[in-house]
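To start, the structure under review is shown below, and the notes come after it.
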Amino acid sequence: MWQRTALYWLGLLSTLLVCSAMDGQDESWREYRHFPAPSHADSSNIKPRPFGLPIPGHEPESWESMAVEPRFSASGSGSAISRPFPGTIPPSAGRSSHPNTKRQRLYEPADDPFTEVDNNGQVVRQVKQFFMDNHQRYGPFTIGLDKFENKRYPLDVPLLQNTWSFGSFIPTDFETFAYQADKSPFHGVFYRPHPEVLEYIRKTLDDSLRRYHWTPEVINPRDSESAKEAEFLWPPVHLHRNVENQLSMIYDVRHRFNQGVKEAIKRHPAGRSVWTMQLGHPGILSFRKILMVRVRSDWYTTVMTLSPRSEFWLFYEGLLDLQSGNIPRMNLLGGMFLPKGAVDYLMHDGIARPSVHTVTNIL
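Taking mature numbering (1 follows the signal peptide of the UniProt record, and there is no 0), I'd label the letters of the sequence shown as residues -21 to -1, 1 to 342.
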């Protein structure tokens, strides 16, 4: 009898312990979670090392000798993007696994990655053509523009590493921002194009639209280097003033972008230009929210001949600046073209919806 009583109480105690653990787990699931990998953690002490990207004609002797190591080790960066870009050749599975091989081959100190060219009598700085580890050739990319250049770029290109590795920030829900007349989250907007976040957005959009038999169209059919729909465009960046071999988006460009975005938000919800993209993740019940704003392509891109079936969108995310007392900020992630009517399909899939009317609080 006493044995059965002891077993009963032991079973009851085990049940209570399991329920307690599950309650704690459920509570954490209800938080605004950081996914896939990056949390924009503090990596302000990370200083990008000088490097040279292999240029066409000077690529490594053997692609097979390069390791499949994460490209960056900065805190919060997560693992490298392993999914090849559309139309690229996946890296060989037979590469060497030595952890230092690829970094030495691809990003070792070498020639200046920048050059100057003459464009109708005007000297223009460019990023030289280079290869990434997917064997694809990228560039040249223009430096010093005030608009997005109509070229796709590798989202994890080391030249932009400093833009997303400085400071200490965590993503937050911009739709819950309270209105503060003297502290608009768009004041001093950041540009932090974290490659993991951008790739997650791109893949989510691509997967959703392809379910409706969509095929990405070339934005400018007359341009052999034109990007396609659902590809992030090369951003308007300048040489970083303080960090060697790094690029950044200057304040004037970010501020100019704000004007068109603010006008679109002011017209919301009467218009169809302000949407909230909800990024889900397996095992997490909450969403990571991305602000999508449709803007005029001629104001924000270099495209002169636009496909009549495409529209240009900017992508932002809310961040809390941990080094400034958790001040809410808006972060510009990038811009891409999407087919007209894409938001209707995204809404049908539960990926996007019109932003709540209180989104005007971020102005």
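Positions of the beta carbon are idealized from the N, C-alpha and C atoms, including for glycine.
With DSSP run on the structure shown, which of helix, strand or coil describes residue i?
i: Asn224; result: coil
i: Arg233; result: helix
i: Asp112; result: coil
i: His336; result: helix
i: Phe127; result: strand
i: Asn98; result: strand
i: Pro137; result: helix
i: Asp277; result: helix
i: Tyr170; result: strand
i: Leu342; result: coil
i: Tyr324; result: helix
i: Gln105; result: strand
i: Leu242; result: Checking the displayed sequence, the identity of residue 242 turns out to be Glu instead of Leu. Note: Glu242 maps to helix in three-state DSSP.
i: Glu154; result: helix
i: Val117; result: Correcting the residue identity first, residue 117 is Tyr in this sequence and not Val. Reduced to three states, the DSSP call for Tyr117 is strand.
i: Tyr295; result: strand
i: Lys319; result: coil
i: Ala209; result: coil
i: Thr255; result: strand
i: Lys162; result: coil
Check whether the Cβ atoms of residue i and residue j sit closer than 9 Å, and answer yes or no.
i: Glu296; j: Ile269; result: yes
i: Gln105; j: Phe120; result: yes
i: Gly123; j: His247; result: no
i: Arg181; j: Glu210; result: yes
i: Ser147; j: Gln302; result: yes
i: Phe291; j: Val274; result: yes
i: Met309; j: Val168; result: yes
i: Pro287; j: Ile341; result: no
i: residue 343; j: Pro214; result: No statement about residue 343 is possible, as the shown extent of the chain runs from -21 to 342 and does not include it.
i: Val176; j: Leu325; result: no
i: residue 345; j: Pro164; result: Past the edges of the chain, shown from -21 to 342, lies residue 345, and the structure says nothing about it.
i: Gln238; j: Thr142; result: no
i: Ile244; j: Val335; result: no
i: Ser227; j: Asp328; result: no
Give the single residue among the options whose Cα lies nearest to the Cα of residue i.
i: Leu212; options: Arg332, Asn129, Gly118, Gly320; result: Asn129
i: Thr255; options: Thr281, Arg288, Asp323; result: Asp323
i: Ser289; options: Gly304, Phe169, Met315; result: Met315
i: Lys319; options: Thr142, Glu196, Pro137; result: Glu196
i: Tyr117; options: Gln101, Pro92, Val102, Asn98; result: Pro92
i: Trp278; options: Arg233, Gly250, Arg267, Pro333; result: Arg233
i: Ser276; options: Phe236, Asn305, His260; result: Phe236
i: His173; options: Pro137, Asp185, Thr155, Trp193; result: Pro137
i: Lys107; options: Gly250, Thr94, Asp152, Tyr179; result: Thr94
i: Ser203; options: Arg131, Thr280, Ala157, Met111; result: Arg131
i: Asp185; options: Lys207, Asp300, Gln115; result: Lys207
Just checking: is the beta-carbon of residue i within a distance shorter than 9 Å of some beta-carbon in chain C?
i: Ser334; result: The structure shown has no chain C; it contains just one protein chain.
Could you tell me how far apart the beta carbons of residue i and residue j are, in whole angstroms, since I believe they sit closer than 8 Å?
i: Val282; j: Ser252; result: Val282 to Ser252, Cβ: 18 Å. No contact.
i: Pro150; j: Arg267; result: 6 Å
i: Thr183; j: Leu134; result: At roughly 14 Å, the Cβ-Cβ gap does not stay under 8 Å, so Thr183 and Leu134 are not in contact.
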